[in-house]
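Down below is the structure, laid out as structure tokens.
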Amino acid sequence: MKATAGALAALAIATLGACAGTGRPAQNAAVIEGSATYRERMALPPDAEFEAVLQDVSRADAPAMEIGRTTIPNAPMPPILFTIPYDAAKIEPSHTYAVRAVIRVDGRLWFTSDTHHPVLTRGAGSTVDILMKRIAEPPKADAELLNTYWRILSLAGEPVTVVDGKREPHVILRSADGRASWSATVGCNGLSGALTVTGEGIAFGSGASTRMACPPPLDALERSLGRSLTASTQWRIQADRLELRDEAGVQTLLCEAVYLK
């Protein structure tokens, strides 16, 4: 990987090195070198697009800040070697940084990383190896509401990120033996209950919860999740996005279908 990634890194640095058209090299240009793969023995279609993003994920109660990004159209067979150019001056030693990778086909998610891949600080280096997971059935139409794993993207309009070392925030809506149910977590306690779906209406019934004491920011996130689910009365799916709204039409939850259970 080093030879190929090193050549790409040199090209990325050269590209990043032009400052506002002056032609002078950027003194703080740096790169993350990485490799991404998946276990399935399958070829990607010609229009598959690979994307890797370097993010500041220090605060779970604030949007992840993008530090660098790379996109590879017509993605090759794995392992996919990539480099992410970034400005080293933006890196704070006390912050936490991670790389996330996805593969999309026709704009739809086929593969995604679903674990935390730290880089740069807190003992992590500038290289990363990522194993991506495939959704069980790449949806050709809108994802299904039930029996789907929904990654939480935002609660009450506020972006949600994964807390380092914890499970990613998600909701699973299930239907079995004529009964619907839900389970959810933001990375601390597991919540669950009965689910009622009528047309475009939805209601999350109260139910069981584990009893762990959640440290900040998980405690605030968990309260926000509970309020959002309780307030939700309407649902809508477009492609791989699930949007829940309250009676006034205000968005309570935004999720992404990652893979089907």
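With my numbering as the guide, the letters of the sequence shown map in order to residues 1108 to 1368. All residues carry an ideal CB built from backbone N, CA and C; glycine is no exception.
{"Asked": "Distance CB(I1242)-CB(A1143) smaller than 8 angstroms", "Found": "no"}
{"Asked": "T1129 burial status per 10 Å Cβ neighbour count (16 or more: buried)", "Found": "The predicted model places T1129 with a pLDDT of 36, which falls under 50 and marks its position as unreliable, so this point remains unresolved."}
{"Asked": "Pick from R1334, R1352, S1331 that is closest to Q1341, judged by C-alpha positions", "Found": "R1352"}
{"Asked": "Given 8 angstroms, three or more beta-carbon pairs between the stretch 1209 to 1219 and the stretch 1308 to 1315", "Found": "no"}
{"Asked": "Sub-8 angstroms separation of A1155 and F1189 beta-carbons", "Found": "no"}
{"Asked": "CB contact below 8 angstroms: Y1193 versus chain C", "Found": "You won't find chain C in this structure, because it holds only one protein chain."}
{"Asked": "G1175 (DSSP reduced to helix, strand or coil)", "Found": "strand"}
{"Asked": "CA-to-CA distance, G1294 to P1322, given in whole angstroms", "Found": "11 angstroms"}
{"Asked": "Per DSSP, cross-strand counterpart(s) of S1288", "Found": "R1281, A1301"}
{"Asked": "Distance CB(P1192)-CB(V1138) smaller than 8 angstroms", "Found": "yes"}
{"Asked": "N- and C-terminal bounds of the alpha helix (DSSP H) containing R1211", "Found": "Premise fails: R1211 lies in the beta strand (DSSP E), 1204 to 1212, not in any alpha helix (DSSP H)."}
{"Asked": "Extent of the continuous alpha helix (DSSP H) run through T1337", "Found": "1325 to 1338"}
{"Asked": "G1264 burial status per 10 Å Cβ neighbour count (16 or more: buried)", "Found": "exposed"}
{"Asked": "D1236: first and last residue of the uninterrupted beta strand (DSSP E) it sits in", "Found": "1234 to 1238"}
{"Asked": "DSSP state of A1159 mapped onto helix, strand, coil", "Found": "strand"}
{"Asked": "Neighbourhood of S1165 by C-beta distance below 7 angstroms, restricted to the same chain and skipping five residues each side", "Found": "H1202, T1203"}
{"Asked": "Chain-order list of residues whose beta-carbon lies under 7 angstroms from that of A1063 (same chain, five-residue window excluded)", "Found": "Absent from the model: residue 1063. The displayed extent of the chain is 1108 to 1368, so no value can be given."}
{"Asked": "Residue of D1347, E1354, G1356 minimising C-alpha distance to E1363", "Found": "D1347"}
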